[in-house]
Amino acid sequence: MSTPAIHVQNLGKRYRLQNSDVRTWTLRETLRNAGLSALSRLRGTAPKHRRTEDFWALRDVSFAIQPGEIVGLIGRNGAGKSTLLKLLSRITDPTTGRIELNGRVASLLEVGTGFNGELTGRENIFLNGAILGMSRAEIHSQFDQIVDFAEIGPFVDTPVKRYSSGMFVRLAFAVAAHLQNEILIVDEVLAVGDSKFQRRCLDKMQDVARSGHTVILVSHQMQLVQSLATRALLLEDGKLIGDGEPGLIIARYLGQKAERYDLSRFGGEPDAIGRFIALSFSSGEQTWPASVAQGEPLTAHLEIELSAPLHEGNLFIAVRNSEGIEVFSSNWSETNSLLELQPGTYHFDVSLPTLYLRPDAYWISLCLIRNQADSISLLRGLEMPPIIPSATSDKLLESRRWGLVTLPCEWSQK
Amino acid sequence: MQRIVIEAGKDSANYWLDLWRYRELLGFLSWRDLLVRYKQTLLGVAWALLRPILFTFVFTLVFSKIGKFPSNGIPYALLTLTGVLVWQLFATAFGGCSASLVNNAHLITKVYFPRLILPCAAMAVGLVDFLVALVLLFVVMPFFGVWPDWRWLTLPFWIALALITAASAGIWIAALNVRYRDFGTLVPLALQLGMFISPVGYASDIVPDRWRLLYSLNPLVSVIDGFRWSLFEGKASLCLPGLMLSILFLLMLLWTGLRYFRSTEKTFADII
């Protein structure tokens, strides 16, 4: 592979918490503490330890990102996403580890950093552009496009404090969208503006990445990450616990503590008439087993929601192994007639033939179809309980098998 | 392509090069401060003139007419006006410099750039105000029958020295102010007292000779004296050993200030 755009090794960031949450000290406290410790030293008693608590916002994080990748960074609040962005954008320094950045970095941690209400739109374009790392010449050459993109035309010489909040946000994003920097670091910036403008922002982002720029974005909107990112990183308690295909990582994030995958947050076109809302697994009496032995029963339970009648509907399921190879697929109409359903919520069960699945980790994809062939909702990379060798299986026997699946073959000698 | 390596616990290898790369931003930030300062004021640039005129008037009245202070043949109004101009250059630059980091906290926590740019950019307002007022000085001088000789060519040196004084003190205070906001409250107080400790409303000759060197520890004494010396045909006395002492003291202050700034700037975003 070529030189990575971003290369992070063993990155860590420690914050010292003092007396819970005092962040700025007053001179008085410092003097008082200095006085107290001097006093106790005079008396020959050890100075009382100040209650300091170490807090690792980020610990031992390593990854490499290639030029042109759009990486979604996901995780709960406090998982370390913002800290990682701040380290990558050089706002704060790491406690451990190393970061290598190949290319100019632009960080968009908020919309309109450095905008000044007293200044006009024109002046703010220059100021904000310079703050984000554009040169004067670059801003000059992009100026008209920025004004066009922001749709502020006649107001370009009005102080931005008189702008509507929509105009303000559009202008701010327009500047950011025209950055020429090779690496863009974006924090939840897209969650602004009306939906039409958001759409244009998304398109712009994809253009940016297509032209070889690297994008790292943090978002709580899984749908956005799913549709935009080519890769996702999952952080939990300051550690990197997942790195891979967005669909898979998102499902893992959403399913982290749940009894079932809550799928209602993503998948499907906005105007789709139906979508998947949940997925869970069971084996016999057990719901969501940690693993399933070969040959044990395994059933996937799907829940779909329809907002309009479904005509000639169908459901597809496909299973991939850990190498990403599709092992098999199946659909409702193999054994039933096509679905004719009224609006509402419906449950479907499908039993999976574990006897034929080699011990491995598997991911499934789901698809909802109408009019025989139109896809309404497609979800990929949902992790299912891994298959383990059955209790009776022979290790030696197992090692003599290869291929995608295990099929029962009858041997005889004549 | 630009390559940046950040390693924990290591100083950035090309600190000064980085500063140079961001020189355009320095220009933009100064430009912003100037625009914002003059935008919503009714009198605009006139403010840069009004303040020195008022101070000159009051000081001349108090020190010359009432206090009967000597002036070495320099018209007292001009003596005071020069003092006030230099003082304001220092005060505005120093004040801007010390508050620059805290005032731009929203930038520090959201984007990277060499932090030293902020105190530097903040001095621009002081300099522009000063240059406007300097025009006033040159306009009124002939009315008092004063024409500068060759010595006025040294003017840039004294202006630079005033700015260095502001920067040396300002960089210290700016960095300290991030952690201890007390220093922010200290600045106006120091400026009010400093105006009387420095020879703004009087000539520095009134200080007895044996105290002169000690008095020069205040770098502004040399700056104001030098300024008057350059404009009034050398009529104002310039204490050379004092000047050397001031420069030495300034360089020390600037060097330690920069060191302190660099050692703490990495934590600015965390504690501001």
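Chains as they are written, first to last, in the numbering used here: chain Z, 7 to 420; chain S, 519 to 790.
Here a beta-carbon is modelled for each residue, glycine too, at the ideal position from N, C-alpha and C.
These figures come from a predicted structure and were not determined experimentally.
Give me the Cα-Cα distance between residue i and residue j, rounded to the nearest whole angstrom.
{"i": "residue 705 of chain S", "j": "residue 19 of chain Z", "result": "34 Å"}
{"i": "residue 44 of chain Z", "j": "residue 88 of chain Z", "result": "39 Å"}
{"i": "residue 338 of chain Z", "j": "residue 101 of chain Z", "result": "55 Å"}
{"i": "residue 68 of chain Z", "j": "residue 9 of chain Z", "result": "16 Å"}
{"i": "residue 212 of chain Z", "j": "residue 226 of chain Z", "result": "18 Å"}
{"i": "residue 347 of chain Z", "j": "residue 281 of chain Z", "result": "13 Å"}
{"i": "residue 591 of chain S", "j": "residue 542 of chain S", "result": "46 Å"}
{"i": "residue 164 of chain Z", "j": "residue 528 of chain S", "result": "45 Å"}
{"i": "residue 570 of chain S", "j": "residue 161 of chain Z", "result": "38 Å"}
{"i": "residue 148 of chain Z", "j": "residue 190 of chain Z", "result": "18 Å"}
{"i": "residue 532 of chain S", "j": "residue 205 of chain Z", "result": "41 Å"}
{"i": "residue 757 of chain S", "j": "residue 730 of chain S", "result": "8 Å"}
{"i": "residue 170 of chain Z", "j": "residue 719 of chain S", "result": "50 Å"}
{"i": "residue 90 of chain Z", "j": "residue 316 of chain Z", "result": "45 Å"}
{"i": "residue 247 of chain Z", "j": "residue 240 of chain Z", "result": "6 Å"}
{"i": "residue 617 of chain S", "j": "residue 608 of chain S", "result": "14 Å"}
{"i": "residue 572 of chain S", "j": "residue 172 of chain Z", "result": "46 Å"}
Does the beta carbon of residue i sit closer than 8 Å to a beta carbon anywhere in chain S?
{"i": "residue 100 of chain Z", "result": "yes"}
{"i": "residue 21 of chain Z", "result": "yes"}
{"i": "residue 106 of chain Z", "result": "yes"}
{"i": "residue 188 of chain Z", "result": "yes"}
{"i": "residue 92 of chain Z", "result": "yes"}
{"i": "residue 136 of chain Z", "result": "yes"}
{"i": "residue 29 of chain Z", "result": "Low per-residue confidence applies at residue 29 of chain Z: pLDDT is 45, beneath 50, and the placement is therefore not dependable, though the value from the model is reported in the following sentence. It does; some Cβ of chain S falls within 8 Å."}
{"i": "residue 54 of chain Z", "result": "Unreliable positioning characterises residue 54 of chain Z in this predicted model, as indicated by a pLDDT of 48, which lies under 50. The coordinate reading is nonetheless provided below. It does not: the Cβ of residue 54 of chain Z has no partner Cβ on chain S nearer than 8 Å."}
{"i": "residue 168 of chain Z", "result": "no"}
{"i": "residue 10 of chain Z", "result": "no"}
Taking 8 Å as the threshold (beta carbon to beta carbon), is residue i in contact with chain Z?
{"i": "residue 627 of chain S", "result": "yes"}
{"i": "residue 525 of chain S", "result": "yes"}
{"i": "residue 557 of chain S", "result": "yes"}
{"i": "residue 730 of chain S", "result": "no"}
{"i": "residue 778 of chain S", "result": "no"}
{"i": "residue 633 of chain S", "result": "no"}
{"i": "residue 788 of chain S", "result": "yes"}
Starting from the C-beta of residue i, find all residues in its chain whose C-beta is less than 6 Å away, skip the five residues before and the five after it, and write them out in chain order.
{"i": "residue 632 of chain S", "result": "536, 537 and 540"}
{"i": "residue 367 of chain Z", "result": "328 and 392"}
{"i": "residue 650 of chain S", "result": "563 and 566"}
{"i": "residue 556 of chain S", "result": "562"}
{"i": "residue 783 of chain S", "result": "633"}
{"i": "residue 192 of chain Z", "result": "114 and 223"}
{"i": "residue 386 of chain Z", "result": "253 and 371"}
{"i": "residue 696 of chain S", "result": "619, 786 and 790"}
By alpha-carbon positions, which one of the options ends up nearest to residue i?
{"i": "residue 36 of chain Z", "options": "S/534, S/598 and S/700", "result": "S/700"}
{"i": "residue 188 of chain Z", "options": "Z/147, Z/142, Z/122 and Z/111", "result": "Z/111"}
{"i": "residue 738 of chain S", "options": "S/682, S/686, S/586 and S/716", "result": "S/716"}
{"i": "residue 16 of chain Z", "options": "Z/106, Z/84 and Z/38", "result": "Z/106"}
{"i": "residue 301 of chain Z", "options": "Z/411, Z/66, Z/153 and Z/317", "result": "Z/411"}
{"i": "residue 488 of chain S", "options": "S/523, S/588, S/742 and S/752", "result": "Here chain S covers residues 519 to 790 and nothing more, so residue 488 of chain S does not appear."}
{"i": "residue 369 of chain Z", "options": "Z/129, Z/414, Z/39 and Z/251", "result": "Z/251"}
{"i": "residue 332 of chain Z", "options": "Z/21, Z/127, Z/138 and Z/371", "result": "Z/371"}
{"i": "residue 359 of chain Z", "options": "Z/140, Z/335, Z/400 and Z/279", "result": "Z/335"}
{"i": "residue 95 of chain Z", "options": "Z/244, Z/109 and Z/290", "result": "Z/109"}
{"i": "residue 698 of chain S", "options": "S/620, S/544 and S/713", "result": "S/620"}
Can you give me the start and stop residues for the alpha helix (DSSP H) that residue i sits inside?
{"i": "residue 745 of chain S", "result": "737-749"}
{"i": "residue 695 of chain S", "result": "673-697"}
{"i": "residue 712 of chain S", "result": "700-715"}
{"i": "residue 228 of chain Z", "result": "228-234"}
{"i": "residue 615 of chain S", "result": "594-621"}
{"i": "residue 651 of chain S", "result": "642-658"}
So, for residue i: in the same chain, excluding its five sequence neighbours on each side, which residues have a beta-carbon less than 8 Å away from its beta-carbon?
{"i": "residue 144 of chain Z", "result": "135 and 186"}
{"i": "residue 552 of chain S", "result": "642, 643 and 646"}
{"i": "residue 72 of chain Z", "result": "7, 8, 10, 11 and 220"}
{"i": "residue 133 of chain Z", "result": "120, 121, 122 and 125"}
{"i": "residue 27 of chain Z", "result": "Caution applies to residue 27 of chain Z, whose pLDDT of 41 falls short of 50 and renders its modelled position unreliable; the model cannot decide the point."}
{"i": "residue 746 of chain S", "result": "592, 597, 600, 601, 721, 753 and 754"}
Let's see if you can read the secondary structure: which residues bound the beta strand (DSSP E) around residue i?
{"i": "residue 369 of chain Z", "result": "366-376"}
{"i": "residue 112 of chain Z", "result": "111-114"}
{"i": "residue 282 of chain Z", "result": "280-289"}
{"i": "residue 2 of chain Z", "result": "This structure cannot settle anything about residue 2 of chain Z, because the visible part of chain Z is limited to 7 through 420."}
{"i": "residue 352 of chain Z", "result": "350-358"}
{"i": "residue 307 of chain Z", "result": "304-312"}
{"i": "residue 574 of chain S", "result": "No beta strand (DSSP E) holds residue 574 of chain S; the alpha helix (DSSP H) holding it covers 564-577."}
{"i": "residue 238 of chain Z", "result": "237-242"}
Within its chain, find whatever has a CB closer than 7 Å to the CB of residue i; leave out the 5 residues flanking it on each side and keep chain order.
{"i": "residue 232 of chain Z", "result": "252, 253, 256 and 272"}
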